[in-house]
Amino acid sequence: MQKLKCLAVIAGCLFMISCDNFKEHKLEISTVVVPSVASTNANYVSNRTPLTPSPLIKLPLGAIKPGSWLKESLQRQADGLMGNLGEISAWLQKEDNAWLSEDGTGSWGWEEVPYWLKGYANTGYILQDSLMIKESQIWFEAALKSQREDGNFGPKMVSDRDGSQDFWSNMIMLYCLQSYYEATQDQRVIDLMTNYFKYQNSVPDDKMLSGVHYWQTLRGGDNLYSVIWLYNRTGDKFLLDLAEKIHRTNADWTKHDNSLDEIHNHKETRDGSEFPEWYSKLIDWHNVNVAQGFREPAQYYQLSKNKEDLKATYDDFKIIREYFGQVPGGMFGSDENARPGYSDPRQGVETCGMVEQMNSDEHLLRITGDIFWADHAEEVAFNTYPAALMPDFRSLRYITSPNMVMNDDQDHSPGIANSGPFLMMNPFSSRCCQHNHGQGWAYFTENLFMATPDNGLAAVLYAAGSVTAKVNAGKEVTITNDSNYPFTESLDFTVNTSKPVKFPLYFRIPAWAKDASVALNGNELEANPSANTYLRINREWNDGDKITLTLPKELSLRTWEANNNSVSLDYGPLTFSLKIDEEYSKEDSAQTAIWDSKWQKDAEVSKWPSYEIHPASPWNYGLILDKNNLEDSFTIETKSWPDDDYPFTVDAAPLVIKAKGKRIPQWTIDQYGLAGELQQSPVKSEESSETIELIPMGAARLRISAFPVIGEDDNATVWNITK
250 MQKLKCLAVI AGCLFMISCD NFKEHKLEIS TVVVPSVAST NANYVSNRTP
300 LTPSPLIKLP LGAIKPGSWL KESLQRQADG LMGNLGEISA WLQKEDNAWL
350 SEDGTGSWGW EEVPYWLKGY ANTGYILQDS LMIKESQIWF EAALKSQRED
400 GNFGPKMVSD RDGSQDFWSN MIMLYCLQSY YEATQDQRVI DLMTNYFKYQ
450 NSVPDDKMLS GVHYWQTLRG GDNLYSVIWL YNRTGDKFLL DLAEKIHRTN
500 ADWTKHDNSL DEIHNHKETR DGSEFPEWYS KLIDWHNVNV AQGFREPAQY
550 YQLSKNKEDL KATYDDFKII REYFGQVPGG MFGSDENARP GYSDPRQGVE
600 TCGMVEQMNS DEHLLRITGD IFWADHAEEV AFNTYPAALM PDFRSLRYIT
650 SPNMVMNDDQ DHSPGIANSG PFLMMNPFSS RCCQHNHGQG WAYFTENLFM
700 ATPDNGLAAV LYAAGSVTAK VNAGKEVTIT NDSNYPFTES LDFTVNTSKP
750 VKFPLYFRIP AWAKDASVAL NGNELEANPS ANTYLRINRE WNDGDKITLT
800 LPKELSLRTW EANNNSVSLD YGPLTFSLKI DEEYSKEDSA QTAIWDSKWQ
850 KDAEVSKWPS YEIHPASPWN YGLILDKNNL EDSFTIETKS WPDDDYPFTV
900 DAAPLVIKAK GKRIPQWTID QYGLAGELQQ SPVKSEESSE TIELIPMGAA
950 RLRISAFPVI GEDDNATVWN ITK
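Spelled out as structure tokens, the structure:
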């Protein structure tokens, strides 16, 4: 009897243990707007007090590996212009290079070396390319050894006017050194940055970020980012003083009038003789300055904790798009500098502007956790950036526009702000984009996953790839995303772990994903994830667990009222453009390069041709829309995935949308060699209705992305649907 009682007690204990285990390992599902900052991640460096806590935390370089089209893009980048630029660019030649000299002097250097190194070195570490890593090490060693007794380092860039230093190129090199430290833990980086920032802290305010040097005054946010990065690793209090100095000497990106009134008629001031009052609302209208400078108030907000600083960054973003961003693709129509009267979607943006905008979005996502910035990074990455490069990544354009039907070496000014061959696919033009473009896909890869304050991980940008990172109390796991997103709706994630481990795993639900669903090991969960939130799944994960996130795409139209009620078509994160047959013409790069292009004397120029792209099919179509049923206006067709894993070409695009349209005879190439400006929709056309094909905007190097709407008469109602 006593034995039976003992067995009963043991059984009862085992039952309670079983119940406790069930409670311990039960599935917890919730949705959150932003990951909670109530705790601090124990595995990765995030903001320390007194800075605002980090809702999302960047993982070290090398933690994330790309797959599918993203891996193919990085490999093409490594094999293409960026990977070979050290043998081509005059600024990267080692002879007489200021970045390699012991005294910081030389004929070559400045921004070009670190611009290139941002993409080159990071791509090398991501792909584990030993030759690229070895070449990068030469430049890292030189930068580390260049530090002088006063703490300054790099090329000596001192103005004869006021004796102030140009810190801009050093700001970029600090980015490179931070990545190098993440990959290697080389303590010399911490020492160099500490001594350099002590030097900067000793510089008088009137010499710090002096306006004599134009770029640094507007881009001090990059300097501020590096100061905060170092503070989070050392805790040195003087760095907070330096952060204050940088903010007060940087151009004031908070100075604008925050009340955004109605858009003015730009054409009245097109000659530039009388800029309207609203033009002074933003401190600068150079596209790259805006794309990277606008985030500085949000970066300073981490120290000030003043929500007006954070709001200023959102307002800056809104202002440029109110006046020049009434276009699809996520960017804005400034060419090099935004001008009153030039806001049609035929105006473009520099390739530099695209990658800097993506970088800013990634910064702001980490600072705020706001899904808006992830959605926007993808919008630029999928729709605008790919078409700025040739498919083989061996040449690129300076200016790329949403409506662009000619790519040649002609001067298209004043239709385009720049005088010269700025629409040409040329490997030598222009020196900024030529060296800077490589950061785009490298940084995008590095931000696919982030750590969370509760020792979990978050999938925040979507593309195929895997992350190996620490969770819980330091347990390492690998999570792989096997999908061809953004061209597919399902994302399959697999967890690999040597033993079961409990941690929260977050998934971003984009703002456009209205009916998302999630399944665990083939069983759909009652999660009901809401658009514009994070789905948080906290459980004990086992090796081989599979999560399928389904993000159903819907067709939607955006109406650009300020651009004559033109419309653009979205399908999930992808915007679609008219499929225009592209006729390529190979040209001599030496003959078609812009004036400041320079290459090494031994460079084999013939191996690096330029290309003109001419339309070989009509482009001047307006859309015919069924006002009662959007789905009836379009037919979606799925094609086979390209064998080479690269979907961003006219022929390889895996999604095609059939639509109805009419040609608009009066819409022609104008006197500047550009697609004529849009007419007010609805537009009347006597032409016959035709079936036209639309392809993803990123696959169309010639494209019409903002369409006129065809109306039967002048009083027709414009289809007015907003995404």
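Using the numbering used here, read the sequence shown as starting at 250 and increasing by one per residue.
Ideal placement from N, C-alpha and C gives every residue a C-beta, glycine not left out.
Contact under 9 Å by Cβ, residue i with residue j
| i | j | result |
| --- | --- | --- |
| residue 648 | residue 671 | yes |
| residue 299 | residue 286 | no |
| residue 420 | residue 472 | yes |
| residue 857 | residue 326 | no |
| residue 609 | residue 544 | yes |
| residue 713 | residue 315 | yes |
| residue 579 | residue 629 | yes |
| residue 751 | residue 809 | no |
| residue 945 | residue 693 | no |
| residue 531 | residue 537 | no |
| residue 922 | residue 659 | yes |
| residue 873 | residue 820 | no |
| residue 612 | residue 548 | yes |
| residue 497 | residue 294 | no |
| residue 676 | residue 706 | no |
| residue 696 | residue 307 | yes |
| residue 826 | residue 943 | yes |
| residue 281 | residue 755 | yes |
| residue 723 | residue 401 | no |
Bounding residues of the beta strand (DSSP E) (the contiguous stretch that carries residue i)
| i | result |
| --- | --- |
| residue 870 | 870 to 872 |
| residue 912 | 904 to 912 |
| residue 546 | Where residue 546 is concerned, there is no enclosing beta strand (DSSP E), although the alpha helix (DSSP H) it sits in stretches over 545 to 553. |
| residue 768 | 766 to 769 |
| residue 981 | In the structure as shown, the chain starts at 250 and stops at 972, and residue 981 therefore has no counterpart that could be examined. |
| residue 757 | 750 to 758 |
| residue 730 | 724 to 731 |
| residue 281 | 277 to 281 |
| residue 787 | 782 to 790 |
Residue i classed as buried or exposed, judged by whether at least 16 other C-beta atoms fall within 10 angstroms
| i | result |
| --- | --- |
| residue 850 | exposed |
| residue 898 | buried |
| residue 412 | exposed |
| residue 575 | buried |
| residue 844 | exposed |
| residue 652 | buried |
| residue 460 | exposed |
| residue 283 | exposed |
| residue 517 | Since pLDDT at residue 517 reaches only 43, below the 50 mark, its modelled position is unreliable, and the value read off the structure follows with that caveat. Residue 517 should be labelled exposed. |
| residue 889 | exposed |
| residue 380 | exposed |
| residue 956 | buried |
| residue 962 | At residue 962, the pLDDT of 47 sits below 50, so the modelled position is not reliable and the matter cannot be decided from this model. |
| residue 952 | buried |
| residue 453 | exposed |
| residue 877 | exposed |
Range covered by the alpha helix (DSSP H) that runs through residue i
| i | result |
| --- | --- |
| residue 390 | 379 to 394 |
| residue 370 | 361 to 376 |
| residue 437 | 436 to 451 |
| residue 612 | 600 to 617 |
| residue 883 | Residue 883 -> not in any alpha helix (DSSP H); beta strand (DSSP E) instead, spanning 883 to 887. |
| residue 627 | 620 to 632 |
| residue 475 | 469 to 483 |
| residue 433 | 417 to 433 |
| residue 563 | 556 to 572 |
| residue 498 | 487 to 498 |
| residue 292 | No alpha helix (DSSP H) contains residue 292, which DSSP labels as neither H nor E. |
Proximity test, residue i beta-carbon vs the ligand PLP heavy atom, cut-off 8 Å
| i | result |
| --- | --- |
| residue 535 | Among the ligands in the structure shown, none appear at all, so the ligand PLP cannot be discussed. |
Touching by the beta-carbon criterion (3+ pairs, under 8 Å), the stretch 341 to 354 and the stretch 383 to 400: Look at the beta carbons and you see the stretch 341 to 354 touching the stretch 383 to 400: at least three pairs across the two are nearer than 8 Å.
Those runs of the beta strand (DSSP E) which lie wholly inside the stretch 680 to 721 and span at least 3 residues: As far as the stretch 680 to 721 is concerned, its whole beta strand (DSSP E) runs of at least 3 residues are 698 to 700, 706 to 708, 714 to 720.
Inter-stretch contact (C-beta, 8 Å, three-pair minimum) for the stretch 625 to 643 and the stretch 798 to 815: With a cut-off of 8 Å on Cβ pairs, the stretch 625 to 643 is not in contact with the stretch 798 to 815, counting fewer than three such pairs.
Length at least 3, wholly inside the stretch 307 to 363: the beta strand (DSSP E) runs in chain order: Listed in chain order, the complete beta strand (DSSP E) runs (minimum 3 residues) inside the stretch 307 to 363 are 313 to 315.
Inter-stretch contact (C-beta, 8 Å, three-pair minimum) for the stretch 678 to 687 and the stretch 831 to 847: With a cut-off of 8 Å, the stretch 831 to 847 and the stretch 678 to 687 count as touching, because enough Cβ pairs lie within range.
Start-end ranges of the beta strand (DSSP E) lying completely within the stretch 809 to 869, minimum 3 residues: The qualifying runs are 815 to 820, 823 to 827, 831 to 836, 859 to 864.
Ranges of the alpha helix (DSSP H) found wholly within the stretch 645 to 670, counting only runs of at least 4: Here no run is fully enclosed.
Cβ pair count under 8 Å reaching 3, the stretch 560 to 572 against the stretch 487 to 497: Because the criterion of three Cβ pairs below 8 Å is not met, the stretch 560 to 572 and the stretch 487 to 497 do not touch.
Given 8 Å, three or more beta-carbon pairs between the stretch 587 to 604 and the stretch 811 to 831: Cβ pair count under 8 Å is three or more, so yes.
Meets three-Cβ-pair contact criterion under 8 Å: the stretch 778 to 794 and the stretch 906 to 923: Cβ pair count under 8 Å is below three, so no.
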